[in-house]
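Q: Chains as they are written, first to last, in UniProt numbering: chain A, 1 to 349; chain B, 1 to 349. Note that beta-carbon positions come from the ideal geometry of N, C-alpha and C, so glycine has one too.
2 protein chains.
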Amino acid sequence: MSGAISDVAALAGVSKATASRALTGRGYVSAETRERVVQAAATIGYVASPIAASLSTGRTLAIGVLTSFLNRWYFGEVLEGAEGALRARGYDLTLHHLPPDSPERDRIFDSYLTNKRFDGMISIGIEASQDEIARLLANPRPLVSIGGNIRGAHSINIDDQALGREATEHLMTLGHTRIAHITGHDAELQTDTVHGRRLAGYLAAMEDAGLTSAVHVLPAVHSLPGGYEAAAQLLRDSRIRPTAVFASTDEVAIGIIIAARRLGITVPAELSVIGIDGHSYAEMFALTTFEQEPRAQGRHAVEILLQDLEDEQRAQAPDSGEPGSTVSEVRWPTRLVIRQTTTRPESAE
Amino acid sequence: MSGAISDVAALAGVSKATASRALTGRGYVSAETRERVVQAAATIGYVASPIAASLSTGRTLAIGVLTSFLNRWYFGEVLEGAEGALRARGYDLTLHHLPPDSPERDRIFDSYLTNKRFDGMISIGIEASQDEIARLLANPRPLVSIGGNIRGAHSINIDDQALGREATEHLMTLGHTRIAHITGHDAELQTDTVHGRRLAGYLAAMEDAGLTSAVHVLPAVHSLPGGYEAAAQLLRDSRIRPTAVFASTDEVAIGIIIAARRLGITVPAELSVIGIDGHSYAEMFALTTFEQEPRAQGRHAVEILLQDLEDEQRAQAPDSGEPGSTVSEVRWPTRLVIRQTTTRPESAE
DNA sequence: ATGAAAGCGCTAACAT
DNA sequence: ATGTTAGCGCTTTCAT
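(1) Give a yes or no on whether the minimum CB-CB distance between residue 321 of chain A and chain B is below 7 Å.
(2) Looking at the structure shown, is residue 247 of chain B part of a helix, part of a strand, or coil, going by DSSP?
(3) Report the residue from A/156, A/238, A/128 whose alpha carbon sits nearest the alpha carbon of residue 192 of chain A.
(4) Does any C-beta atom of chain B lie closer than 7 Å to the C-beta of residue 73 of chain A?
(5) Only counting runs of 3 or more residues, tell me where the beta strand (DSSP E) segments fall wholly within the segment 153-233 of chain B, in order along the chain.
(6) Can you find the residues in the same chain that come closer than 8 Å, C-beta to C-beta, to residue 337 of chain A, ignoring five residues on each side of it along the sequence?
(7) How many Å lie between residue 122 of chain A and residue 307 of chain B at the Cα?
(8) Compare the beta carbon distance of residue 165 of chain A and residue 243 of chain A with 7 Å and say whether it is the shorter of the two.
(9) May I ask which residues mark the beginning and end of the beta strand (DSSP E) holding residue 22 of chain A?
(10) Please decide whether residue 114 of chain B counts as near chain A, where near means a Cβ-Cβ distance under 7 Å.
(11) What is the rounded straight-line gap between the Cα of residue 143 of chain A and the Cα of residue 305 of chain A?
(12) Is the beta carbon of residue 158 of chain B less than 7 Å from the beta carbon of residue 334 of chain B?
(13) Under 7 Å, Cβ to Cβ, is there at least one residue of chain B near residue 213 of chain A?
(14) So, residue 103 of chain A versus residue 68 of chain A, is the Cβ gap smaller than 7 Å?
(15) Restricting to Cα atoms, I'd like to know which of B/9, B/180, B/61, B/255 is closest to residue 215 of chain B.
(16) CB-CB under 8 Å to residue 218 of chain B, same chain, minus the five flanking residues each way: which ones, in chain order?
(17) Cβ of residue 55 of chain B within 7 Å of Cβ of residue 5 of chain A?
(18) Residue 155 of chain A touches chain B at which residues, Cβ-Cβ below 8 Å?
(19) Can you tell me which of the three DSSP states residue 132 of chain A falls into?
(20) In whole angstroms, what is the alpha-carbon distance linking residue 252 of chain A and residue 314 of chain A?
(21) So, at 6 Å on beta carbons, what are the nonlocal neighbours of residue 19 of chain A in its own chain, with the 5 sequence-adjacent residues on each side left out?
(22) For the alpha helix (DSSP H) that residue 31 of chain B lies in, which residues bound it at each end?
(23) Which same chain residues, not among the five before or five after residue 148 of chain B, have their C-beta less than 7 Å away from its C-beta?
(24) My understanding is that residue 210 of chain A touches residue 71 of chain B, with C-beta atoms under 8 Å, so please give their C-beta distance in whole angstroms.
(25) Among B/222, B/255, B/63, B/312, which residue has its Cα nearest to the Cα of residue 74 of chain B?
(26) Let me know the secondary structure DSSP gives residue 92 of chain B once reduced to three states.
(27) Would you list the residues sitting across from residue 310 of chain B in a DSSP beta bridge?
(28) Leaving out five residues on either side along the sequence, give the residues of the same chain with a beta carbon under 7 Å from the beta carbon of residue 327 of chain A.
(29) In angstroms with no decimal places, state the Cα-to-Cα distance between residue 110 of chain A and residue 246 of chain A.
(30) Would you verify that the beta carbon of residue 5 of chain B is, or is not, closer than 7 Å to some beta carbon of chain A?
(31) Run the CB neighbour count on residue 26 of chain A, radius 10 Å, all protein chains shown included, and call it buried at 16 or more, exposed below.
(32) Alpha carbon to alpha carbon, how far is residue 293 of chain A from residue 53 of chain A? Give it in angstroms, no decimals.
(33) Using a threshold of 7 Å, state whether the C-beta atoms of residue 94 of chain B and residue 120 of chain B are closer than that.
(34) For residue 107 of chain B, count neighbouring C-beta atoms within 10 Å of its own C-beta (all shown protein chains included) and say buried if the count is 16 or more, exposed if not.
(35) Determine which residues share a DSSP beta bridge with residue 291 of chain B and list them.
(36) Which residues in chain B sit within 8 Å of residue 94 of chain A, going by Cβ to Cβ distance?
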């Protein structure tokens, strides 16, 4: 089976060019000829070589995805959404894991960005250094950033600071004053990160409420065990024990709940910032969460990216004259989802 | 910057052929010439086009990865291991999400397997139909299957049936007799699947111990909420409540623990079959688990695959004459890791 | 050790 | 509407 397009052309009694036109749909071919070519292709089981096509057209029909985590729910869901949308549009997805503080980040950046096997890229939760951002933007291919700190490219972000404030104020509404916040490492130092902004929202809310002295921030590794450990530390001393916790990550929030249960502590009013769509882990634990549909975010990133690619192509066309190099900045909506069991502080009961 | 190899050649004052030899390391080039070429390349910031190279050599330096889940720990860890190993060897990884019962599985199989943009593939947890397996094996490119039901290709598998037996017998050793098993959906019907084999091990152990009448099997969705729901159902009625549970999946096992705690039930002797390496979620919950290092499995699959590719290339060489088309079947070691808090049944205390 | 030339499989002007 | 021709950028015989 298989064979090259010249075989198809020969069998159909046409030229390579006509065969190509018939098969790709670009250019004029009589219906009758097309039919003959398609038949011929089917007969010998012809499948076009995307590599040869790429070399000729310059388009790869592949999108690179950079993600900071492969083993966390949120990132997995976003990836799943992007994968499905890309496949539906006929694109391949090339995966690149780019964890924070990876010693090889530099090499990855170099090898990936210079490798010309992609038409565009999507970054998921990448917090990049100034240098890295510059290199990403210097790349001629379009980029859509989901939830990172990259400006100047297409982006999908949520308002993390508003979220932090809303979360904190929600707990205040329930009567809490001793509200702790579990954040990421170094969030205090790095202001332009997801966790830095959430922290800022928390701090602003606490200050506005005159609760500055009750501020209690603890860094944690973003994982279930990380949350568990942080919570164990946080809840150890009953005298300074908070009555509510606002955690920056789902995994951490769940770790906290489990730690609390294990320590025999009445479950405090919990709050995680990230909601998982589909089957919501957070929901199961009766956490109050922010719904933000990661899968849909992944899909939407694909739409933006492919739209940009189309626009670019159109810009090549003779008639159009617009540069169209504007960048879309999507503020993804979030919704505070309040579960039944969110509790009030004991003193307020 | 950029430019083609002809530019490099011109700048270095050599032919394209020599430039290629100097840059790729294949063929004789004087050290001095090589140096000149490398300098020239650096000067104009030359980066080779992998696409052109692929068209010429037939090798893509890309590996396709088929995975059944993107949002579960085990699969994410395997993927992470494979990704790192592939990158280290200079390969790209093309990701394909192939969930069970996906309506588009057929299309995916077709479009992916005929797309010639990969040198080999790795499947993670793919339970394929006979037809699908036939199509996978018909593909000339090598395949390494991790934890699925694919025979006839390189494979890495654990002894799921032995695991099921070992798990069940461990609980018996602790004195349990009312041991329930939470499995996947339809595991009873499909014998040649991971969960089917684990179920078989459980059933065999129960039978051997004369506990056939105590057999209690419940299907669940493989997720935290799935385990939670199954457990809620399982533990509802205290008269038929098991004293121990053997769950087929980490997520499910953790869901069970949480359900048990929430229902105010003394935590039964828990057992999950899959251990996560690195930070073990299961460990945190004091589950008894099977350690099986998913990351290392992913890395190992890459080694096997690239080894096969090398062998194939060597087989092309004039001297060698071996077919070398044997298939490696790795039985990955597992280790039962018993946590402190695994408990004995109440009656035995 | 190096160069000349052919070719991987396709697409896209351009010509008819 | 179809065919001719010239590449896309690289690798690789085959000569020298």
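A: Inspection of the coordinates gives the following:
(1) Here residue 321 of chain A corresponds to residue number 321 of the first sequence, with the count starting at 1. Confidence at residue 321 of chain A is low in this model, with a pLDDT of 47, below 50, so the placement of that residue should be treated as unreliable; the coordinate-derived value is given next. It does not: the Cβ of residue 321 of chain A has no partner Cβ on chain B nearer than 7 Å.
(2) On the second sequence, residue 247 of chain B is found 247 positions in, with the first residue counted as 1. DSSP places residue 247 of chain B in strand when its eight states are reduced to three.
(3) Residue 192 of chain A sits at position 192 when you count from the first residue of the first sequence. Here the closest residue by C-alpha is A/128.
(4) As a working note, residue 73 of chain A is residue 73 in the first sequence. True, the Cβ-Cβ gap to chain B drops below 7 Å.
(5) 154-157, 179-183, 216-219
(6) As a position in the first sequence, residue 337 of chain A is number 337, starting the count at 1. The answer, listed in chain order, is 275, 283, 288, 289, 290, 291.
(7) Sequence index remark: in the first sequence, residue 122 of chain A carries index 122 (1-based). Sequence index remark: in the second sequence, residue 307 of chain B carries index 307 (1-based). Cα to Cα, residue 122 of chain A sits roughly 31 Å from residue 307 of chain B.
(8) Here residue 165 of chain A refers to the residue found at position 165 of the first sequence. Here residue 243 of chain A refers to the residue found at position 243 of the first sequence. Their beta carbons are not under 7 Å apart, which means residue 165 of chain A does not touch residue 243 of chain A by this criterion.
(9) Here residue 22 of chain A refers to the residue found at position 22 when the first sequence is read from its first residue. No beta strand (DSSP E) contains residue 22 of chain A, which is instead part of the alpha helix (DSSP H) from 16-24.
(10) Residue 114 of chain B sits at position 114 when you count from the first residue of the second sequence. At least one chain A Cβ lies under 7 Å of residue 114 of chain B.
(11) Walking along the first sequence from the start, residue 143 of chain A turns up at place 143. Walking along the first sequence from the start, residue 305 of chain A turns up at place 305. So the alpha carbons of these two residues sit roughly 7 Å apart.
(12) Here residue 158 of chain B refers to the residue found at position 158 when the second sequence is read from its first residue. Here residue 334 of chain B refers to the residue found at position 334 when the second sequence is read from its first residue. Result yes, Cβ atoms of residue 158 of chain B and residue 334 of chain B sit closer than 7 Å.
(13) For the purposes of this step, residue 213 of chain A is taken as the residue at position 213 of the first sequence. Not an interface residue.
(14) Start at 1 with the first residue of the first sequence, and residue 103 of chain A comes out as number 103. Start at 1 with the first residue of the first sequence, and residue 68 of chain A comes out as number 68. It is not a contact, given that the beta carbons lie outside the stated cut-off.
(15) Taking the second sequence and counting its residues from 1, the one referred to as residue 215 of chain B is at position 215. It is B/180 whose Cα lies nearest to the Cα of residue 215 of chain B.
(16) For the purposes of this step, residue 218 of chain B is taken as the residue at position 218 of the second sequence. Around residue 218 of chain B: 180, 181, 182, 183, 230, 233, 234.
(17) Residue mapping note: residue 55 of chain B aligns to position 55 of the second sequence, counting from 1. Residue mapping note: residue 5 of chain A aligns to position 5 of the first sequence, counting from 1. No, the pair does not count as a contact, with Cβ atoms beyond the cut-off.
(18) Within the first sequence, the letter at position 155 stands for residue 155 of chain A. The contacting residues do not exist; residue 155 of chain A stays about 22 Å from chain B at best.
(19) By one-based count along the first sequence, residue 132 of chain A stands at place 132. Here residue 132 of chain A sits in helix by DSSP.
(20) The residue given as residue 252 of chain A occupies position 252 in the first sequence. The residue given as residue 314 of chain A occupies position 314 in the first sequence. Distance between the alpha carbons of residue 252 of chain A and residue 314 of chain A is about 46 Å.
(21) For the purposes of this step, residue 19 of chain A is identified with residue 19 of the first sequence, where counting begins at 1. The answer, listed in chain order, is 5, 8, 9, 37.
(22) What you label residue 31 of chain B is simply residue 31 of the second sequence in a count that begins at 1. Its alpha helix (DSSP H) spans residues 31-44.
(23) Residue numbering aside, residue 148 of chain B sits at position 148 when the second sequence is read from its first letter. These residues qualify, in order along the chain: 123, 125, 126, 127, 128.
(24) Mapped onto the first sequence, residue 210 of chain A falls at position 210. Mapped onto the second sequence, residue 71 of chain B falls at position 71. The pair is not a contact, with the Cβ atoms about 42 Å apart (cut-off 8 Å).
(25) Translated into the one-based positions of the second sequence, residue 74 of chain B becomes position 74. Comparing Cα positions, the closest option is B/222.
(26) Locating residue 92 of chain B in the second sequence gives position 92, where the first residue counts as 1. Here residue 92 of chain B sits in strand by DSSP.
(27) Residue 310 of chain B sits at position 310 when you count from the first residue of the second sequence. Bridge partners of residue 310 of chain B: none, in fact.
(28) Within the first sequence, the letter at position 327 stands for residue 327 of chain A. Closer than 7 Å at Cβ, skipping near neighbours: 152, 153, 154.
(29) Residue 110 of chain A sits at position 110 when you count from the first residue of the first sequence. Residue 246 of chain A sits at position 246 when you count from the first residue of the first sequence. Rounded to whole angstroms, residue 110 of chain A to residue 246 of chain A spans 38 Å at the Cα level.
(30) Counting from one through the second sequence, the residue named residue 5 of chain B turns up at place 5. Not an interface residue.
(31) As a position in the first sequence, residue 26 of chain A is number 26, starting the count at 1. Exposed is the call here.
(32) As a working note, residue 53 of chain A is residue 53 in the first sequence. As a working note, residue 293 of chain A is residue 293 in the first sequence. Computed Cα separation, rounded: 36 Å.
(33) Residue 94 of chain B sits at position 94 when you count from the first residue of the second sequence. Residue 120 of chain B sits at position 120 when you count from the first residue of the second sequence. It is not a contact, given that the beta carbons lie outside the stated cut-off.
(34) By 1-based counting over the second sequence, the position of residue 107 of chain B is 107. With fewer than 16 Cβ atoms within 10 Å of its Cβ, residue 107 of chain B is classed as exposed.
(35) Locating residue 291 of chain B in the second sequence gives position 291, where the first residue counts as 1. Per DSSP, B/335.
(36) Your numbering for residue 94 of chain A matches position 94 in the first sequence. Simply 62, 92, 93, 94, 95.
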